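Just remember that the numbering used here sits 24 ahead of the position in the sequence shown, which is counted from 1.
Note that beta-carbon positions come from the ideal geometry of N, C-alpha and C, so glycine has one too.
Fair warning: this is a prediction, and the values are worked out from it, not measured in the lab.
One structure below.
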Amino acid sequence: MAELIPILSTAEPDFERRFAVIRQRSAVASPAVEEQARRIVADVRRRGDRALIEYTRRYDGVRLSPEELEVDPDEMTAATRSLRPAELRALKLAARRIEAFHRRQVQRSWRYRDRAGLTLGQRVIPLRRVGVYVPGGHGSYPSSVLMNAIPALVAGVNEVIMVSPVTAAGYSPAVLAAADIVGVSAMFRVGGAQAVAALAYGTERVPAVDKIVGPGNAWVQAAKRQVYGHVDIDKIAGPSEIVVITDGSVPPSYAAADLLAQAEHGSGEECAVLLTPSRAVAEAVRAAIAVQLQSLPRRAAIARVLRRRGALVVVRGMIEAVGLAEQIAPEHLELLVADAGRWPNSIRNAGAIFVGPHSCAPLGDYAAGPNHVLPTGGTARFSSPLGVYDFVKRTSVVRASPRALRTLAPAITTLAELEGYQAHAAAVRVRLKGGR
Numbered sequence: 025m026a027e028l029i030p031i032l033s034t035a036e037p038d039f040e041r042r043f044a045v046i047r048q049r050s051a052v053a054s055p056a057v058e059e060q061a062r063r064i065v066a067d068v069r070r071r072g073d074r075a076l077i078e079y080t081r082r083y084d085g086v087r088l089s090p091e092e093l094e095v096d097p098d099e100m101t102a103a104t105r106s107l108r109p110a111e112l113r114a115l116k117l118a119a120r121r122i123e124a125f126h127r128r129q130v131q132r133s134w135r136y137r138d139r140a141g142l143t144l145g146q147r148v149i150p151l152r153r154v155g156v157y158v159p160g161g162h163g164s165y166p167s168s169v170l171m172n173a174i175p176a177l178v179a180g181v182n183e184v185i186m187v188s189p190v191t192a193a194g195y196s197p198a199v200l201a202a203a204d205i206v207g208v209s210a211m212f213r214v215g216g217a218q219a220v221a222a223l224a225y226g227t228e229r230v231p232a233v234d235k236i237v238g239p240g241n242a243w244v245q246a247a248k249r250q251v252y253g254h255v256d257i258d259k260i261a262g263p264s265e266i267v268v269i270t271d272g273s274v275p276p277s278y279a280a281a282d283l284l285a286q287a288e289h290g291s292g293e294e295c296a297v298l299l300t301p302s303r304a305v306a307e308a309v310r311a312a313i314a315v316q317l318q319s320l321p322r323r324a325a326i327a328r329v330l331r332r333r334g335a336l337v338v339v340r341g342m343i344e345a346v347g348l349a350e351q352i353a354p355e356h357l358e359l360l361v362a363d364a365g366r367w368p369n370s371i372r373n374a375g376a377i378f379v380g381p382h383s384c385a386p387l388g389d390y391a392a393g394p395n396h397v398l399p400t401g402g403t404a405r406f407s408s409p410l411g412v413y414d415f416v417k418r419t420s421v422v423r424a425s426p427r428a429l430r431t432l433a434p435a436i437t438t439l440a441e442l443e444g445y446q447a448h449a450a451a452v453r454v455r456l457k458g459g460r
């Protein structure tokens, strides 16, 4: 039987080859998935609600009438009332903390007048309507409701439309309660590529939106990719990832627990990597993983992930560990080291950095406040967590006085003619002549 999780060393001659297999990631769906998503998107665009009802019956096993596509707001209110007090308190605490963090991201419009006499500015304008996709499948994800909807509402989005696949048993009360707590404008019983198509193009009942956010399976991601350009999207979400750097100054059980936490998400493609300068630490963490795994209900699936996409890597020191983490550009990066506060400013490529022994990734997943929608698949090299800035657009405003136009006219006409655009230059000159 293969070892539960391999121990590698950067000193080994074949390290790069072995580690490349573990790191291999792709945001591109298979051709079959892409084609199926394309057919579904085209069908929903053509047939609207009838297509949504058909796909919900076919893929979710639920028969709906057109009137049942939209969730009654009273159902959300009832779900909130049905929660246990501890569950409701947890949701409200998380919502408050997420809102408080994201309020610090709010951008303001601005303007100024320069010496030439130009009044220049930038307007920050919230999107009018946003669609939030909340996945179903392996579990209930009220945290996805909070993390995707709250930044949009803080940004000033007028309408937040939520979609989520329904089962024969209905929705988890926690998901409905989360939608109620944040105050989504409407919620629809539809998931998969068909939900993305409905949000992008609109149907008789589902309104078309300006942007679609939220995670989902391969079909959802393929559909998001296909509708991008007609609407905006947040990102193409890949499997969860974590890199843990530890020097042995914290109990090995901490690192073991955090690697296991990321491996349980359910896609089977999660990536869990430990970087340590000590082989003894790597072995201790592997032993702790073996012990903790036995008590987890999803242990078989987690073990498969650890064998395929997990590694405990022995490095030559912290500099090499940080450099390797930078190459990976992980979704989550944990610094479980004695001098943890020294390193965050040295790290450019990570979706979220968790500093010190008490800062585990699940803290950020649920209630710390920063968004848990993070770049995956190495895209932390150039992209950011979901935030308020994803739900606004910016428009430049230019107002010139006659003096300002006269001042800048020589440069404008020279540059326009340099590029061969005579009409551009003429548009300036006609104003200098008073319209003659």
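Do Leu330 and Ile31 have their C-beta atoms within less than 8 Å of each other?
-> Along the sequence shown, one-based indexing puts residue 330 at 306. Along the sequence shown, one-based indexing puts residue 31 at 7. No, the pair does not count as a contact, with Cβ atoms beyond the cut-off.
Notebook entry, point to check: Assuming Ala345 contacts Ile269 under a Cβ cut-off of 8 Å, what Cβ separation, rounded to an integer in Å, is found between them?
Noted result: Here the question's residue 345 lines up with position 321 in the sequence shown. Here the question's residue 269 lines up with position 245 in the sequence shown. So it is a contact: roughly 5 Å between Cβ atoms.
| query | DSSP three-state call for Arg418: helix, strand or coil? | reply | Counting from 1 along the sequence shown, the entry for residue 418 is found at position 394. Looking at Arg418 - three-state DSSP - the assignment turns out to be strand.
Helix, strand or coil for Tyr195 per DSSP?
Counting from 1 along the sequence shown, the entry for residue 195 is found at position 171. Coil, per DSSP.
- Message: Quick check on DSSP: helix, strand or coil for Leu107?
- Response: Counted from its first residue, the sequence shown places residue 107 at position 83. Of the three classes helix, strand and coil, the one that applies to Leu107 here is coil, per DSSP.
*Taking only beta-carbon atoms, is Asp258 less than 8 Å away from chain B?*
Note that chain B does not occur in the displayed structure, where there is just one protein chain.
Arg332, DSSP secondary structure in three states:
Along the sequence shown, one-based indexing puts residue 332 at 308. Reduced to three states, the DSSP call for Arg332 is helix.
Check: Helix or strand or just coil, what does DSSP make of Ile149?
Finding: As a first step, residue 149 is located in the sequence shown; it is residue number 125 there, counting from the start. Ile149 falls in the strand class under three-state DSSP.
**Report entry** Opposing strand residues paired with Val156 [DSSP bridges]
**Finding:** In the sequence shown, counting from the first residue as 1, residue 156 sits at position 132. BP columns for Val156 point to Met186 and Val237.
Backbone CA spacing between Met25 and Arg328 [nearest angstrom] | The count along the sequence shown starts at 1 and reaches residue 25 at position 1. The count along the sequence shown starts at 1 and reaches residue 328 at position 304. Summary for Met25: the model assigns pLDDT 45, below 50, so the residue's position carries little reliability, and this model does not support an answer.
Check: Looking at C-beta atoms only, is the number of pairs between the stretch 97-107 and the stretch 142-158 that lie closer than 8 Å three or more?
Finding: no
For this session: Determine the extent of the alpha helix (DSSP H) in which Trp243 is found, giving its start and end residues.
Result: Here residue 243 refers to the residue found at position 219 when the sequence shown is read from its first residue. Per DSSP, Trp243 belongs to the alpha helix (DSSP H) from Ala242 to Val251.
(message) Taking only three categories from DSSP, how would you classify Ser408?
(response) Here the question's residue 408 lines up with position 384 in the sequence shown. Coil, per DSSP.
Taking the alpha-carbon positions, what's the Arg418 to Asp234 distance?
Residue mapping note: residue 418 aligns to position 394 of the sequence shown, counting from 1. Residue mapping note: residue 234 aligns to position 210 of the sequence shown, counting from 1. Their backbone Cα atoms lie some 14 Å apart in a straight line.
Checklist entry - Who are the Cβ neighbours of Arg427 in its own chain at under 8 Å, not counting the five residues just before and after it? => result Numbered from its first residue, the sequence shown carries residue 427 at position 403. For Arg427, where only same-chain residues beyond five positions count, the Cβ hits under 8 Å are Ala140 and Gly141.
**Report entry** Beta-ladder partner(s) of His356, from DSSP
**Finding:** Numbered from 1 along the sequence shown, position 332 holds the residue referred to as residue 356. Paired residue(s): Ile266 and Ala376.
*asked:* Which same chain residues end up closer than 7 Å to Ser273 when comparing Cβ atoms and leaving out the 5 residues on each side of it in sequence?
replied: Sequence index remark: in the sequence shown, residue 273 carries index 249 (1-based). Within the same chain, Ser273 has close Cβ partners Val361 and Ala362.
message: Check whether the stretch 165-179 and the stretch 399-411 touch, using three or more Cβ-Cβ pairs below 8 Å as the test.
response: yes
- Query: Which stretch, first to last residue, makes up the alpha helix (DSSP H) that contains Arg453?
  - Reply: As a working note, residue 453 is residue 429 in the sequence shown. Start and end: Gln446 to Leu456.
### Message
In whole angstroms, give me the CA-to-CA distance for Val267 and Arg153.
### Response
The count along the sequence shown starts at 1 and reaches residue 267 at position 243. The count along the sequence shown starts at 1 and reaches residue 153 at position 129. Each residue's alpha carbon lies about 36 Å from the other.
Buried or exposed for Ala56, please, with buried defined as at least 16 other CB atoms from any protein chain shown within 10 angstroms of its CB. Walking along the sequence shown from the start, residue 56 turns up at place 32. Its Cβ having fewer than 16 others within 10 Å, Ala56 is exposed.
Distance, Cα to Cα, Ala392 vs Ser168? Your numbering for residue 392 matches position 368 in the sequence shown. Your numbering for residue 168 matches position 144 in the sequence shown. If you take the alpha carbons of Ala392 and Ser168, they lie about 14 Å apart.
| Considering only residues of the stretch 269-333, which uninterrupted alpha helix (DSSP H) runs meet the minimum length of 4 residues and lie entirely inside it, listed in chain order? | 276-287, 303-317 and 323-333
- Rounded to the nearest angstrom, how far is the Cβ of Val339 from that of Pro301, given a contact under 8 Å? Position 315 of the sequence shown, counting from 1, holds the residue named residue 339. Position 277 of the sequence shown, counting from 1, holds the residue named residue 301. Val339 to Pro301, Cβ: 6 Å. Contact.
Proximity test, Leu330 beta-carbon vs the ligand FMN heavy atom, cut-off 7 Å: As presented, the structure is devoid of all ligands, the ligand FMN included, so that no description of it is given.
What is the residue span of the alpha helix (DSSP H) that Leu432 lies within? Stepping through the sequence shown from its first residue, residue 432 is reached at position 408. Where Leu432 is concerned, the enclosing alpha helix (DSSP H) stretches over Pro426 to Leu442.
Taking Tyr157 and Ile236 to be in contact with their CB atoms under 8 Å, please state how far apart those CB atoms are, rounded to whole angstroms. For the purposes of this step, residue 157 is identified with residue 133 of the sequence shown, where counting begins at 1. For the purposes of this step, residue 236 is identified with residue 212 of the sequence shown, where counting begins at 1. Rounded, the Cβ-Cβ distance is 6 Å, consistent with contact.
Quiz item: Under three-state DSSP, which class holds Tyr136?
Solution: On the sequence shown, position 112 is the one that residue 136 refers to. Reduced to three states, the DSSP call for Tyr136 is strand.
Since Asp258 contacts Val45 with CB under 8 Å, what's their CB separation in whole angstroms?
-> Within the sequence shown, the letter at position 234 stands for residue 258. Within the sequence shown, the letter at position 21 stands for residue 45. In fact, because the Cβ distance is near 29 Å, the residues do not count as touching under 8 Å.
Nearest neighbour of Glu91, chosen from Gly238, Thr227 and Ala246 [CA to CA] = In the sequence shown, residue 91 corresponds to position 67, counting from 1. The residue with the shortest Cα to Cα distance from Glu91 is Thr227.
Give the DSSP-derived three-state secondary structure of Leu200 in the structure shown.
Stepping through the sequence shown from its first residue, residue 200 is reached at position 176. Reduced to three states, the DSSP call for Leu200 is helix.
request  = Would you please state the rounded distance, in angstroms, between the beta carbons of Ile64 and Ala247? I believe it to be under 8 Å.
outcome  = Position 40 of the sequence shown, counted from the first residue, corresponds to residue 64. Position 223 of the sequence shown, counted from the first residue, corresponds to residue 247. Confirmed, about 7 Å.
Just to confirm, is the Cβ distance from Ala219 to Arg69 under 8 Å? Along the sequence shown, one-based indexing puts residue 219 at 195. Along the sequence shown, one-based indexing puts residue 69 at 45. Contact: no.
Considering only their Cβ atoms, is the gap separating Glu350 from Asn369 smaller than 8 Å? The count along the sequence shown starts at 1 and reaches residue 369 at position 345. The count along the sequence shown starts at 1 and reaches residue 350 at position 326. Contact flag unset, no.
### Task
Check whether the Cβ atoms of Ser291 and Pro263 sit closer than 8 Å, and answer yes or no.
Locating residue 291 in the sequence shown gives position 267, counting from the first residue. Locating residue 263 in the sequence shown gives position 239, counting from the first residue. For Ser291 and Pro263, yes; Cβs fall inside 8 Å.
Taking the C-alpha atoms as reference points, what is the distance between Ala385 and Ala287? Here residue 385 is taken as the residue at index 361 of the sequence shown, counted from 1. Here residue 287 is taken as the residue at index 263 of the sequence shown, counted from 1. Their Cα atoms are separated by approximately 12 Å.
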